[in-house]
Amino acid sequence: MKKYLNWNKKLSSSMNYVKNHFKNMFNKHCFIFLFVLYIKKVSYYVSILLYQAIIILFICLSLIRGDEPTYFFANPISITFLIFLLTVISSYISTDIYKTPIEDGSELLIVSKPLNRANIFISKISIISMFGLINALVALPVTAICFAFPNSVHSYSLIALFGIPIASLVIYLAFASISLFISIFLKKSLATNYCFNI
Numbered sequence: 002m003k004k005y006l007n008w009n010k011k012l013s014s015s016m017n018y019v020k021n022h023f024k025n026m027f028n029k030h031c032f033i034f035l036f037v038l039y040i041k042k043v044s045y046y047v048s049i050l051l052y053q054a055i056i057i058l059f060i061c062l063s064l065i066r067g068d069e070p071t072y073f074f075a076n077p078i079s080i081t082f083l084i085f086l087l088t089v090i091s092s093y094i095s096t097d098i099y100k101t102p103i104e105d106g107s108e109l110l111i112v113s114k115p116l117n118r119a120n121i122f123i124s125k126i127s128i129i130s131m132f133g134l135i136n137a138l139v140a141l142p143v144t145a146i147c148f149a150f151p152n153s154v155h156s157y158s159l160i161a162l163f164g165i166p167i168a169s170l171v172i173y174l175a176f177a178s179i180s181l182f183i184s185i186f187l188k189k190s191l192a193t194n195y196c197f198n199i
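Here the numbering used here is used: position 13 in the sequence shown is 14, and no number is missing along the way.
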């Protein structure tokens with residue numbers, strides 16, 4: 002029993018240490034400052050809406066051809082094009098969020114506060130992930146259009162309904178992290194170009 006109490010005490014102290022460590026890594030004020038700075042960027046929303054418009058175009062083209070609305074999502078060429086487009090969008094947003102403040106000097110406003118690099122990095126990663134989540138949430142009603150047509154196979158439509166937004170989020174985060182890793186070592190323009198060539 003004594004061993005169990007000692008183990009429980011060590012576990013709770015370790016949990017408190019981890020909790021305090023993560024609490025110190027995420028700075029609310031830094032996140033809010035960056036959030037307000039980037040939420041106004043219209044180009045992010047335009048790129049996300051362009052991606053969703055192409056998904057709607059694929060659904061409309063399949064209806065014009067008389068196929069199921071999910072026909073183009075089963076086609077490897079169209080899926081490759083969508084993945085490439087999402088790669089372009091994710092690398093653009095992530096490198097712009099990570100590198101633009103460094104290059105235009107607005108990072109100096111953040112650095113003037115008592116923050117460490119982990120605070121700034123975690124805040125930027127959170128905002129990049131937030132835009133990926135916005136993309137996935139916008140993709141959900143767009144792919145729900147597949148249910149509106151009587152010639153859609155509903156089992157495959159369910160896969161498209163939940164699969165496309167989840168796949169969009171996973172691909173977005175994967176390529177955003179690749180372009181972030183590259184942009185740490187290179188300039189923003191080189192990182193964006195390199196990520197497009199992957």
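Beta carbons: idealized from backbone N, C-alpha and C, even for Gly.
Computed from a prediction, not measured in an experiment: that's the story for all the values here.
In chain order, what residues of the same chain have a beta carbon less than 7 angstroms from the beta carbon of residue i, not counting five sequence neighbours either side?
{"i": "residue 45", "result": "94 and 132"}
{"i": "residue 134", "result": "170"}
{"i": "residue 32", "result": "124 and 127"}
{"i": "residue 1", "result": "With the chain covering 2 to 199 only, the question about residue 1 has no answer from this structure."}
{"i": "residue 36", "result": "128"}
Under 8 angstroms Cβ to Cβ from residue i, same chain only, skipping five residues before and after it: list those, please.
{"i": "residue 57", "result": "143 and 146"}
{"i": "residue 50", "result": "139"}
{"i": "residue 42", "result": "97"}
Considering only the beta carbon of each residue, do residue i and residue j sit closer than 7 angstroms?
{"i": "residue 182", "j": "residue 88", "result": "no"}
{"i": "residue 140", "j": "residue 169", "result": "yes"}
{"i": "residue 99", "j": "residue 136", "result": "no"}
{"i": "residue 102", "j": "residue 108", "result": "yes"}
{"i": "residue 39", "j": "residue 90", "result": "no"}
{"i": "residue 27", "j": "residue 123", "result": "yes"}
I'd like the list of long-range same chain contacts for residue i, defined as Cβ closer than 6 angstroms, with 5 residues on each side in sequence excluded.
{"i": "residue 48", "result": "90"}
{"i": "residue 130", "result": "none"}
{"i": "residue 166", "result": "137, 140 and 141"}
What residue from the options has the CA that sits closest to residue i's CA?
{"i": "residue 55", "options": "42, 66 and 73", "result": "73"}
{"i": "residue 80", "options": "178, 68 and 59", "result": "59"}
{"i": "residue 120", "options": "62, 17, 30 and 164", "result": "30"}
Quiz item: Taking only runs of the alpha helix (DSSP H) that begin and end inside the segment 75-149, which ones reach a length of at least 4 residues, in chain order?
Solution: 77-105, 108-112 and 118-144
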